[in-house]
Amino acid sequence: MPTAEQDRTSRRLAWCVAHLLRHAPDHVVIDTTRRLDRPTLKYLCRDEWLAASTVTLLLRHGTAADRGYIARNPRVVGRPLPGLPGPARYARRRTPPELLPVLRAELGRDPGAEPLTAAELIALLRRHGRRGPRVPLDVLALPHTADPALLLAEHARRPLPAGSVEALLLVTDLPRKTVQGLLAGDAAPTEGGTWHRPAVRAVRMGRLTHEELVAHVAPARHTLLLGHLPGRRSLRWTLPEQAGMQTAVMRALRPLGDDPRLWAELLRHAPGHPGPLPALVAGVVGGTLPGPDGTGEPDPELARAVRHFAPTTAEPSGGVERELALASLAVPMERAEEDIRWVRDCLDRGLLTGVDVIRHKLPACWALDEDHWLGDVDHPDRHDHPEAVLAAHAEAYRLLTVALGEDPEAWWRTARTLPDFAGTLPHLLLRVTEGGSVSGRP
0 MPTAEQDRTS RRLAWCVAHL LRHAPDHVVI DTTRRLDRPT LKYLCRDEWL
50 AASTVTLLLR HGTAADRGYI ARNPRVVGRP LPGLPGPARY ARRRTPPELL
100 PVLRAELGRD PGAEPLTAAE LIALLRRHGR RGPRVPLDVL ALPHTADPAL
150 LLAEHARRPL PAGSVEALLL VTDLPRKTVQ GLLAGDAAPT EGGTWHRPAV
200 RAVRMGRLTH EELVAHVAPA RHTLLLGHLP GRRSLRWTLP EQAGMQTAVM
250 RALRPLGDDP RLWAELLRHA PGHPGPLPAL VAGVVGGTLP GPDGTGEPDP
300 ELARAVRHFA PTTAEPSGGV ERELALASLA VPMERAEEDI RWVRDCLDRG
350 LLTGVDVIRH KLPACWALDE DHWLGDVDHP DRHDHPEAVL AAHAEAYRLL
400 TVALGEDPEA WWRTARTLPD FAGTLPHLLL RVTEGGSVSG RP
């Protein structure tokens, strides 16, 4: 029977691990969760805000007890969690009667008389998937035979509409290789702003992590746009999902460094490159890409996304007031509510950014948890300072990656040190990487 002190220690470590793993590569997430003892892993799965990729990896590699705890976690929201209790509004969908005559005319037979063959299913998905997933879901509600290999081959030959791909992700238990293949392929021009929906759905359904999405989505320009997707009224990223996608794209773009020539080459080749983003980055760094054909007009949205990820040296202005605001991050006020009001006021006046909070706020575990400087929310997508949150996530990723790289042991030492460390995140990383005390260092 654990003591109260052991219980508090486990809860605090679970809280710190949950926020640290938002910035870690997938193999580090798997390694770190395997190192946790059972009480800490229970609290991590049951009580913490978990990133979408962390949930997916825990469901994929965890035990039945872990999956049960995740299913009861009230903070794991907006994701149906495959194989677990969750939203099931698509599970008992019935085909509307008015659609049956249309399908009967297209097939030349009664669609309910016998199951649709794989070829018939693909033909109907091609014809009815350009206006979202509603009609393809009705088609998939009919008796049918789905051959994953044939689906993948047909999609490689001529990409299925985005609405049909989304419907397949919603209701069909496809192999992971098939899911990855369905996300490769350019959307039809008539699909407008719906091309992003299958990628968002794949992450939210737990089919793929953000890192896997970046590795397999094609063409590369789609990946760049997904990393900085503008607000839409339809299906879109939640704020934590957007932050996770941003981190995954930044990880793929890391070989470019801060060389403006390479970033210019990325923007020049991105519009016409048919492969995934890692292949484009490798070609840009290696200088092995053929010259772009130059047939398409520059996409302003793509240029905006590349500018978002490109390194910048712009600093907010504010003079003495800014210096005081930075100093105040190291002096928490008596009440957390006062501290939150002050930080929010500085953000509103442009004296601080999310980058400043990550660099200067202490303790480091509070800086990594935006609820400690923006206030608690009842849903992770309702922070009213999304730019500050995304900037904080980007800076935390940069600091952690520069210091820890992809070494699971270094990430684990950071996770063990974080709960009791009273300094800032840069000081924590100095202690972990160089050892000893950093209290006397600037």
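If you're matching positions, the sequence shown starts at 0 in numbering that gives the first Met the number 0 and goes up one per residue.
Virtual Cβ for every residue (Gly too), placed ideally from N, Cα, C.
Q) Secondary structure at A17, three-state DSSP: helix, strand or coil? A) By one-based count along the sequence shown, residue 17 stands at place 18. A17 falls in the helix class under three-state DSSP.
Q. Exposed or buried, which one is E394 when buried takes at least 16 other CB atoms within 10 Å?
A. What you label residue 394 is simply residue 395 of the sequence shown in a count that begins at 1. It counts as buried.
(Q) I'd like to know if the stretch 242-251 and the stretch 213-226 are in contact, where contact means that at least 3 CB-CB pairs between them fall below 8 Å. (A) Judged by Cβ distances under 8 Å, the stretch 242-251 makes contact with the stretch 213-226, as three or more pairs qualify.
Q. Using the beta-carbon count (16 or more within 10 Å), is L373 buried or exposed?
A. Here residue 373 corresponds to residue number 374 of the sequence shown, with the count starting at 1. With 16 or more Cβ atoms within 10 Å of its Cβ, L373 is classed as buried.
Q. How would you write the range of the alpha helix (DSSP H) that V75 sits in, first residue to last?
A. For the purposes of this step, residue 75 is taken as the residue at position 76 of the sequence shown. For V75, no alpha helix (DSSP H) run applies, since DSSP gives it neither H nor E.
**Q.** Counted within 10 angstroms of its Cβ, other Cβ atoms place S9 as buried (16 or more) or exposed
**A.** As a working note, residue 9 is residue 10 in the sequence shown. That one is buried.
**Q.** Integer Cβ distance of L115 from T144, believed to fall under 8 Å
**A.** Translated into the one-based positions of the sequence shown, residue 115 becomes position 116. Translated into the one-based positions of the sequence shown, residue 144 becomes position 145. Between T144 and L115 the Cβ distance is about 7 Å, and since that is below 8 Å, they are a contact.
(Q) Given this structure, state the Cα-to-Cα distance separating A50 from E240, to the nearest angstrom. (A) Position 51 of the sequence shown, counted from the start, is the residue given in the question as residue 50. Position 241 of the sequence shown, counted from the start, is the residue given in the question as residue 240. The alpha-carbon of A50 is positioned some 7 Å away from that of E240.
Q: Could you tell me the boundaries of the alpha helix (DSSP H) in which P259 lies?
A: Here residue 259 refers to the residue found at position 260 of the sequence shown. Here the alpha helix (DSSP H) through P259 covers P259 to H268.
Q: Tell me whether P218 is buried or exposed, calling it buried when 16 or more other Cβ atoms sit within 10 Å of its Cβ.
A: If you number the sequence shown from 1, residue 218 lands on position 219. Buried is the call here.
Q) Where M204 and L234 are concerned, what is the direct C-alpha to C-alpha distance, given to the nearest angstrom? A) For the purposes of this step, residue 204 is taken as the residue at position 205 of the sequence shown. For the purposes of this step, residue 234 is taken as the residue at position 235 of the sequence shown. If you take the alpha carbons of M204 and L234, they lie about 13 Å apart.
Q) Since L424 contacts A366 with CB under 8 Å, what's their CB separation in whole angstroms? A) On the sequence shown, position 425 is the one that residue 424 refers to. On the sequence shown, position 367 is the one that residue 366 refers to. The distance from the Cβ of L424 to that of A366 is about 6 Å, consistent with a contact at the 8 Å cut-off.
Q: Please state whether DSSP places A112 in a helix, a strand or coil.
A: As a position in the sequence shown, residue 112 is number 113, starting the count at 1. DSSP places A112 in the coil class of the three-state scheme, outside both helix and strand.
Q: For R10, name the three-state secondary structure that DSSP assigns.
A: As a position in the sequence shown, residue 10 is number 11, starting the count at 1. Residue state, collapsed to three classes: helix.
Q) From V431 to L403, what does the alpha carbon distance come to, in whole angstroms? A) Stepping through the sequence shown from its first residue, residue 431 is reached at position 432. Stepping through the sequence shown from its first residue, residue 403 is reached at position 404. L403 has its alpha-carbon roughly 9 Å from the corresponding atom of V431.
Q. A152 to A263, Cα distance in whole Å?
A. Mapped onto the sequence shown, residue 152 falls at position 153. Mapped onto the sequence shown, residue 263 falls at position 264. For the pair A152 and A263, the Cα-to-Cα distance works out to about 35 Å.
Q. Within 10 angstroms of its Cβ, does G256 collect 16 or more other Cβ (buried), or is it exposed?
A. Translated into positions along the sequence shown, residue 256 becomes position 257. Counting C-beta atoms within 10 angstroms of its own C-beta, G256 has fewer than 16 neighbours from the protein chains shown and is therefore classed as exposed.
Q: May I have a chain-ordered list of the alpha helix (DSSP H) segments no shorter than 4 residues that lie completely inside the stretch 163-217?
A: Listed in chain order, they are 175-181, 196-203 and 209-215.
Q | DSSP-derived helix/strand/coil call for G131 | A | Mapped onto the sequence shown, residue 131 falls at position 132. Three-state result, G131: strand.
Q. Does the Cβ of P270 have 16 or more other Cβ atoms within 10 Å, making it buried, or fewer, making it exposed?
A. Start at 1 with the first residue of the sequence shown, and residue 270 comes out as number 271. By the 10 Å Cβ count, P270 comes out buried.
(Q) On the criterion of 16 or more Cβ atoms from any shown chain inside 10 Å, does V401 qualify as buried, or is it exposed? (A) Position 402 of the sequence shown, counting from 1, holds the residue named residue 401. Answer is exposed; the Cβ neighbour count stays below 16.
Q: Pull up the distance between the alpha-carbon of A390 and that of H221, whole angstroms please.
A: Here residue 390 corresponds to residue number 391 of the sequence shown, with the count starting at 1. Here residue 221 corresponds to residue number 222 of the sequence shown, with the count starting at 1. When rounded, the distance between both Cα atoms is 21 Å.
Q.
Just verifying my parser: in three-state terms, what is the DSSP assignment at H143?
A. Along the sequence shown, read from residue 1 onward, the residue named residue 143 stands at position 144. H143 falls in the strand class under three-state DSSP.
Q: Specify, as a first and last residue, the run of the alpha helix (DSSP H) that G434 falls within.
A: The residue given as residue 434 occupies position 435 in the sequence shown. Looking at the DSSP string, G434 is not in any alpha helix (DSSP H), and its letter there is neither H nor E.
**Q.** Endpoints, the alpha helix (DSSP H) within which L102 is located
**A.** By one-based count along the sequence shown, residue 102 stands at place 103. It spans L98 to L106 - the alpha helix (DSSP H) in which L102 sits, taken as one unbroken run.
(Q) Which residue marks the beginning of the alpha helix (DSSP H) containing G286, and which one marks its end? (A) The sequence position of residue 286 within the sequence shown is 287, counting from 1. That residue, G286, is in no alpha helix (DSSP H); it is neither H nor E in DSSP.
Q: Would you list, in sequence order, the uninterrupted alpha helix (DSSP H) runs of no fewer than 4 residues that lie entirely inside the stretch 346-432?
A: Listed in chain order, the complete alpha helix (DSSP H) runs (minimum 4 residues) inside the stretch 346-432 are 353-359, 363-367, 370-373, 385-403 and 407-416.
Q. How should D25 be labelled, buried or exposed, when 16 other C-beta atoms within 10 angstroms of its C-beta is the threshold for buried?
A. Position 26 of the sequence shown, counted from the start, is the residue given in the question as residue 25. It is buried - the Cβ of D25 has at least 16 other Cβ atoms within 10 Å.
Q) Should E119 go down as buried or exposed, given a rule of 16 or more other Cβ atoms within 10 Å for buried? A) In the sequence shown, residue 119 corresponds to position 120, counting from 1. Buried is the call here.
**Q.** Backbone CA spacing between R206 and S52 [nearest angstrom]
**A.** Numbered from 1 along the sequence shown, position 207 holds the residue referred to as residue 206. Numbered from 1 along the sequence shown, position 53 holds the residue referred to as residue 52. Each residue's alpha carbon lies about 10 Å from the other.
Q. Who are the near neighbours of G243 in its chain, counting only those whose CB is closer than 7 Å to its CB and skipping five residues on each side?
A. Residue mapping note: residue 243 aligns to position 244 of the sequence shown, counting from 1. Excluding residues within five positions, the ones whose Cβ falls inside 7 Å are R21, A50, A51, S52 and H209.
(Q) Suppose you measure from the CA of V101 to the CA of R157; what does that come to, to the nearest Å? (A) Counted from its first residue, the sequence shown places residue 101 at position 102. Counted from its first residue, the sequence shown places residue 157 at position 158. It is roughly 24 Å from the alpha-carbon of V101 to the alpha-carbon of R157.
Q. Is the beta carbon of W410 sitting closer than 9 Å to the one on D30?
A. Along the sequence shown, read from residue 1 onward, the residue named residue 410 stands at position 411. Along the sequence shown, read from residue 1 onward, the residue named residue 30 stands at position 31. Cβ distance < 9 Å, so W410 and D30 count as in contact.
Q) Run through DSSP, which three-state label would P277 get? A) Residue mapping note: residue 277 aligns to position 278 of the sequence shown, counting from 1. If DSSP states are grouped into helix, strand and coil, P277 belongs with the helices.
Q. If we ignore side chains and look at the alpha-carbon of each, how far apart do D65 and R74 end up?
A. Against the sequence shown, residue 65 aligns to sequence position 66. Against the sequence shown, residue 74 aligns to sequence position 75. Going from the Cα of D65 to the Cα of R74 covers about 15 Å.
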